[in-house]
Amino acid sequence: MRRHKIVRRSYDKDQDTFRHYFLVLPCLIFALVINEKFTFKEVMWTFSLYLEAVAILPQLILLQRTRNIDNLTGQYVFLLGYAISLIQFMKQ
Numbered sequence: 000m001r002r003h004k005i006v007r008r009s010y011d012k013d014q015d016t017f018r019h020y021f022l023v024l025p026c027l028i029f030a031l032v033i034n035e036k037f038t039f040k041e042v043m044w045t046f047s048l049y050l051e052a053v054a055i056l057p058q059l060i061l062l063q064r065t066r067n068i069d070n071l072t073g074q075y076v077f078l079l080g081y082a083i084s085l086i087q088f089m090k091q
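Position one of the sequence shown corresponds to residue 0 (numbering that gives the first Met the number 0), numbered consecutively onward.
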């Protein structure tokens, strides 16, 4: 994605320093520990749910660091988080 010519123009490597393994590793550990039954399919499905819940964090941190948030981006991030929380609430 970063190699795409349009994205490459606006990509700032100095601002994009979020360590994604701080999200992936805990989600994997939680999926291994907290699941309905310990099968590969169930663990991977649970892992994807946990990862989806925190996937917006790197983008939020990048937006906070750059302080360059236009209306469309801010509304998109807010509505994406809202939709994910609604989906999680409806599954309960």
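All residues carry an ideal CB built from backbone N, CA and C; glycine is no exception. Here the structure is a predicted model, which is why all the values come from computation and not from measurement.
Residue from 59, 48, 45, 39 with nearest C-alpha to residue 74: Selected option, being the one with the closest Cα: 59.
What is the C-beta distance between residue 23 and residue 55, in whole angstroms, given that I count them as a contact (C-beta under 8 Å)? Between residue 55 and residue 23 the Cβ distance is about 14 Å, and since that is not below 8 Å, they are no contact.
Could you give the C-beta distance for residue 62 and residue 68, rounded to a whole number, given that I count them as a contact under 8 Å? Going by Cβ atoms, the distance from residue 62 to residue 68 rounds to 5 Å, so yes, they are a contact pair.
Reduced DSSP category for residue 34 - H, G, I as helix; E, B as strand; rest coil: Residue 34: coil per DSSP, three-state reduction.
Which same chain residues end up closer than 8 Å to residue 41 when comparing Cβ atoms and leaving out the 5 residues on each side of it in sequence? These residues qualify, in order along the chain: 34, 35.
Rounded C-alpha distance that separates residue 43 from residue 70: If you draw a straight line from the Cα of residue 43 to the Cα of residue 70, it comes to about 35 Å.
Output yes if chain B places a C-beta closer than 8 Å to the C-beta of residue 73; else output no. Judged by its chain identifiers, the structure shown contains no chain B, having just a single protein chain.
Would you say residue 30 and residue 16 are within 8 Å of each other, going by their C-beta atoms? No, the pair does not count as a contact, with Cβ atoms beyond the cut-off.
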